[in-house]
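So for the sequence shown, full-length UniProt numbering puts the first residue at 1; every next one is plus one.
The beta carbon of each residue, even a glycine, is placed where N, CA and C say it ideally should be.
Source: prediction; values computed, not measured.
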Amino acid sequence: MATDSDSKRSVEIIKVEDANINAEAGYLQRYPLLANKTDDELEALNKAVLKKLDWKFLPCITIMLLMNYLDRINVSNARLAGMQEDLGMTDVEWSAGISLFYVGYIISQVPGNVIIAKSSPRVLMPCIMLAWSFVTISMPAAKSPWAFMLCRLLIGITEGPFLPVIALMTSSWYTKEESPLRMGIWHAGTIISNVFSGLLAAGILTNMDNVAGLHAWQWFLLLEGIVSILVAIAGFWLLPNFPDNTGTYFFTEEEQQMSQYRALVSAGGKSEDDEGDMWDGVWQAVKDPFTWFFAGMHFSLIIAQSFKDFFPSIVSTLGFGKVETYLVQAPPYVIAYFVTLLVSWSSGKRLEHCWHIIGSISVALIGAVVMISTLNVGARYFSLILLCSGPFVGLNIQLSWETTVVPRPRTKRAALIAIANCVSSVSHWFSPYFFLRSQEPRYQMGGGIIIAGCGLTIIFSLLAKFWAERKNKAIEKEEERTGEVTTWRFAT
C-alpha cells in the first residue's frame with residue numbers, strides 16, 4: 001500500500017520532470033540554429049555529435065592513454081632485460097628513480113590541469129605527449145644512474161596532467177548518462193596495456209639484443225617512444241577543445257551549438273562559466289568537501305589495486321612453467337576489461353555510483369581473502385580475476401562520479417580531479433613494502449592492505465553519497481520555500 005511519503009515523492013518526481021522539460025525548452029532558445037528544429041531533427045543532430053565524439057575523440061584519447069601507461073611502466077620490463085646492470089645502478093638508486101617519477105607526477109597535476117582547463121587541450125595534450133615521448137627516446141642514451149633519475153622525474157612531470165585532463169574533457173563533452181561508459185572504454189585501456197606490455201616485451205627484448213649495437217632494452221624504449229610520437233601528432237587533428245571554444249574544424253556550426261546545448265542540459269542549466277583567475281577554481285575545490293571524499297576514495301581504490309605491480313610475481317606462485325606464467329596473466333585483465341564496460345554502462349544508465357563502487361570493491365575484498373587463505377591453484381587463480389576486476393571498475397565509476405557532482409566551473413572540476421589523483425598517488429610510496437617475497441605464496445601483508453583499501457573505499461563512498469543526498473535535500477527545501485523547481489540534483 002502506498003504511503004503518504006510515497007505519494008509526496010511521486011509528486012516531487014513529476015515536478016522535477018516537468019521542470020526539466022520546461023527548462024530544456026528554455027535552454028534551446030539560447031541557440032538560434034537549434035531553436036526552430038523539430039524533435040526528430042534535434043535527435044538526428046544529437047546522434048551526429050555523439051558519433052563524431054565516439055569515432056574521433058574517444059579512440060584518440062584511448063590510444064593516447066594506452067601509450068601513456070605503456071611509457072610509464074616500460075622500465076619494469078627494461079629492468080628484466082638488464083637496464084639496471086648496464087647502467088651500474090644499485091637497488092636503492094633504481095628505487096629512487098622509480099619514486100622520482102611519482103614526485104614529478106604529483107607536483108604537475110593540479111597546475112597542469114587547471115592551465116589546460118583555461119586554454120587549448122587540442123594543442124597542449126599532444127604537446128605534453130610529445131614531451132614525455134622525447135624523454136623516453138632519450139633514456140637509452142643514459143650512461144649513469146643520475147641520468148636515469150632525471151629522465152624519470154621529467155617523464156613524471158610531463159605525464160602528470162594527462163589522466164586528469166582526459167577525465168575533464170570526457171566530462172565536458174559527454175552527458176552525465178553517457179560519461180561512465182566512455183570513461184570505462186578509455187580507462188579500461190590501461191587494463192589492456194598490461195597485456196600489450198608483456199607481449200611487446202617478449203617480442204622486442206628476446207629478439208633485438210645487440211641489433212645495431214644497442215641493447216634490447218634500448219630498442220624497447222626507443223620503439224615505444226617513437227610510436228607515442230606518432231600518436232601525439234595524430235592528436236592535433238583528432239582532439240577538440242571544449243564545447244564552448246571548439247571551432248568548426250571539428251563540428252559544423254549546428255553540431256557545435258548542439259554540443260553546447262547537451263552540456264548545458266546535463267549540468268542542469270549551469271553554463272561553463274570559467275571567468276576569473278585559474279586559482280579561483282583551485283580554491284573552490286579545496287573548500288568543497290566533495291574534493292576530499294573523492295580524494296580519499298581514489299586513494300583507497302589505488303591501495304586496493306596495489307597488487308598490480310606484483311601481479312607477475314603473484315601468478316608465478318601458482319606453480320606454472322615460465323611460458324604458462326606469462327600467458328595466464330592475460331585472461332584476468334581481459335575479463336576485467338569487459339566487466340568494467342558492463343558495470344560502467346549500468347552506472348550511467350541508472351545514474352547511480354555509490355552502490356556500483358561498493359559492489360565492485362566487495363568483489364576485490366573477497367578475492368584478497370581467498371588469496372591469503374588457500375593454496376588451491378584454481379581458487380587462487382579465481383581470486384586474481386576478482387582482484388583485477390574490482391578496483392578497476394571502482395576507479396572508473398569514481399572518476400565519472402566526481403566529474404558529475406561538480407559540473408561547473410571547469411577549473412574547479414579540473415582541480416578536484418587533479419587533487420584526487422595527487423592524493424591517490426601517495427599510496428605508491430608505501431604500498432610496495434607490503435608485498436614481500438618472504439611471504440610468498442600467500443602475501444598476507446599484501447592481502448591485508450588490499451582488504452584495508454577495500455574497506456576505506458566503502459567508507460568514503462558512503463560519505464560522498466551522504467553528502468550528495470544532504471545537498472539534494474537542501475535543494476528541495478529551497479524549492480519548497482520559493483515554489484520554483486530546479487533541474488539540478490547531485491548524483492549519488
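Could you please give me the residues that DSSP links to residue i through a beta bridge?
| i | result |
| --- | --- |
| V211 | L214 |
Classify residue i as helix, strand or coil using the three-state DSSP reduction.
| i | result |
| --- | --- |
| T136 | helix |
| T404 | helix |
| T62 | helix |
| H428 | helix |
| S95 | helix |
| Q329 | coil |
| E484 | coil |
| M183 | helix |
| G268 | coil |
| N472 | helix |
| G390 | helix |
| Y433 | helix |
| P126 | helix |
| R380 | helix |
| M149 | helix |
| K477 | helix |
| K176 | coil |
| S108 | helix |
| R442 | coil |
| D18 | With a pLDDT of 44 at D18, under the threshold of 50, the modelled position of that residue is not reliable, and no figure is offered here. |
| D288 | coil |
| M89 | coil |
| A81 | coil |
| S373 | helix |
| R489 | coil |
| K143 | coil |
| M37 | Met is not the amino acid found at residue 37; the sequence shown has Lys there. Looking at K37 - three-state DSSP - the assignment turns out to be coil, as it is neither helix nor strand. |
| P121 | helix |
| E224 | helix |
| Q29 | coil |
| L351 | coil |
| T317 | coil |
Would you kindly work out how many angstroms separate the C-alpha atoms of residue i and residue j, rounded to a whole number?
| i | j | result |
| --- | --- | --- |
| F134 | L34 | 45 Å |
| R437 | S316 | 11 Å |
| Y69 | T190 | 6 Å |
| T325 | Y381 | 11 Å |
| K473 | S313 | 49 Å |
| I157 | T136 | 13 Å |
| L301 | L200 | 28 Å |
| V227 | E478 | 54 Å |
| S95 | I155 | 15 Å |
| I128 | S138 | 16 Å |
| P391 | K465 | 19 Å |
| P441 | G455 | 23 Å |
| Q260 | E43 | 14 Å |
| K349 | E159 | 32 Å |
| I372 | Q439 | 10 Å |
| I73 | L462 | 33 Å |
| S427 | D40 | 50 Å |
| Q284 | W292 | 12 Å |
| D309 | A188 | 17 Å |
| P331 | E224 | 24 Å |
| E253 | S119 | 21 Å |
| F196 | W219 | 16 Å |
| D288 | K471 | 12 Å |
Just checking my contact of residue i with residue j at CB under 8 Å: how many whole Å lie between their CB atoms?
| i | j | result |
| --- | --- | --- |
| K176 | S266 | 5 Å |
| C388 | Y333 | 6 Å |
| P243 | S400 | Rounded, the Cβ-Cβ distance is 18 Å, inconsistent with contact. |
| F294 | A420 | 5 Å |
| M297 | T457 | 6 Å |
| W429 | Y31 | About 49 Å; that fails the 8 Å criterion. |
| V231 | I63 | 6 Å |
| Q329 | F311 | 6 Å |
| F299 | S424 | 5 Å |
| M149 | L100 | 5 Å |
| P126 | M89 | The Cβ separation is near 32 Å, so there is no contact. |
| H353 | S344 | That pair is no contact at about 10 Å. |
| L45 | E255 | 7 Å |
**Asked** Do the region 164 to 176 and the region 397 to 412 meet, that is, are 3 or more Cβ pairs less than 8 Å apart?
**Response** yes
**Prompt:** Is the region 276 to 288 in contact with the region 344 to 358, if contact means three or more CB pairs nearer than 8 Å?
**Reply:** no
**Request:** State whether the region 366 to 386 contacts the region 445 to 464, with contact taken as three or more CB pairs (one from each stretch) at a distance under 8 Å.
**Result:** yes
**Request:** Count the CB pairs spanning the region 410 to 427 and the region 101 to 114 that are closer than 8 Å, and state whether there are at least three.
**Result:** yes
**Asked** Would you call the region 204 to 224 and the region 49 to 61 in contact, with 3 or more CB pairs under 8 Å?
**Response** no
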